[in-house]
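Peer 1:
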Amino acid sequence: MASMDVSLKEMMAIDGAVGAVVVDYNSGMALGSLGGSKDLDLQIAAAGNTEVVKAKLRTMESLGLKDTIEDILITLNTQYHIIRPLTGRSGKGLFLYLALDRARGNLALARHNMRIIEEKLEV
3 MASMDVSLKE
13 MMAIDGAVGA
23 VVVDYNSGMA
33 LGSLGGSKDL
43 DLQIAAAGNT
53 EVVKAKLRTM
63 ESLGLKDTIE
73 DILITLNTQY
83 HIIRPLTGRS
93 GKGLFLYLAL
103 DRARGNLALA
113 RHNMRIIEEK
123 LEV
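Heads up: take any position in the sequence shown, counting from 1, add 2, and you land on my numbering.
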């Protein structure tokens, strides 16, 4: 099992990582973050992506889908934003968020690493 700090460091070790956050989507608050830049305020990203997760959960409920979200991908011209809700009991209501530079990152590998990081994270 890995702590939040270790998990954030592992996320930032992914090639092309720009910023990493563990977010409580009930409140929209970042519980921990690493990285970011003047163009990527991780507190604002945490709050904004909370709305994305809530909207998707509401839509799934409206459609009667009895499934879970593995991850949500937002593709920008220069970045990928990966949102991965935690599925373990201790992580209920939390998600991992990673901003990845498209020119330096490998999306498939980043998604694979995020799954492994999520499995090890103990909140």
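From the three backbone atoms N, C-alpha and C, an ideal C-beta is built for every residue, glycine too. What you are looking at is a predicted structure, and each value in this text was computed from that prediction instead of being measured.
Figure out for me which residue from Ile-74, Val-20, Asp-17, Val-25 has the closest Cα to the Cα of Met-6.
Peer 2: Counting from one through the sequence shown, the residue named residue 6 turns up at place 4. If we check each option's Cα against that of Met-6, Val-25 comes out closest.
Peer 1: Have a look at Ala-110, Pro-87, Ala-105 and flag the residue whose alpha-carbon is nearest the alpha-carbon of Gly-1.
Peer 2: The structure shown has nothing for residue 1, since the chain only spans 3 to 125.
Peer 1: What does the Cβ neighbour count give for His-83, buried or exposed, with the cut at 16 atoms within 10 Å?
Peer 2: Residue 83 sits at position 81 when you count from the first residue of the sequence shown. With 16 or more Cβ atoms within 10 Å of its Cβ, His-83 is classed as buried.
Peer 1: Is Gly-56 near Ile-74, with beta carbons less than 8 Å apart?
Peer 2: Against the sequence shown, residue 56 aligns to sequence position 54. Against the sequence shown, residue 74 aligns to sequence position 72. Sequence inspection shows Lys at residue 56; the Gly mentioned does not correspond to that position. Against a cut-off of 8 Å, the Cβ pair of Ile-74 and Lys-56 comes out as no contact.
Peer 1: Considering Cα atoms alone, identify which of Asn-115, Met-14, Glu-53, Thr-80 is closest to Leu-96.
Peer 2: For the purposes of this step, residue 96 is taken as residue 94 along the sequence shown, with counting starting at 1. For the residues Asn-115, Met-14, Glu-53, Thr-80, the minimum Cα distance to Leu-96 belongs to Glu-53.
Peer 1: Are the region 60-67 and the region 40-51 touching, with three or more C-beta to C-beta distances below 8 Å?
Peer 2: Contact fails: fewer than three Cβ-Cβ distances are below 8 Å.
Peer 1: How many angstroms separate the CA atom of Ile-46 from the CA atom of Lys-68?
Peer 2: Indexing the sequence shown from 1 puts residue 46 at position 44. Indexing the sequence shown from 1 puts residue 68 at position 66. Distance between the alpha carbons of Ile-46 and Lys-68 is about 30 Å.
Peer 1: Check each candidate in Ile-76, Glu-120, Val-125, Leu-100 and name the one with the smallest Cα separation from Asp-17.
Peer 2: Here residue 17 refers to the residue found at position 15 when the sequence shown is read from its first residue. Closest option to Asp-17, Cα to Cα, is Leu-100.
Peer 1: Check whether the Cβ atoms of Ser-9 and Leu-109 sit closer than 8 Å, and answer yes or no.
Peer 2: Residue 9 sits at position 7 when you count from the first residue of the sequence shown. Residue 109 sits at position 107 when you count from the first residue of the sequence shown. No, the pair does not count as a contact, with Cβ atoms beyond the cut-off.
Peer 1: For Leu-102 and Ala-19, which I take to be in contact (beta-carbon distance under 8 Å), what is that distance rounded to the nearest angstrom?
Peer 2: Start at 1 with the first residue of the sequence shown, and residue 102 comes out as number 100. Start at 1 with the first residue of the sequence shown, and residue 19 comes out as number 17. That pair is a contact at about 6 Å.
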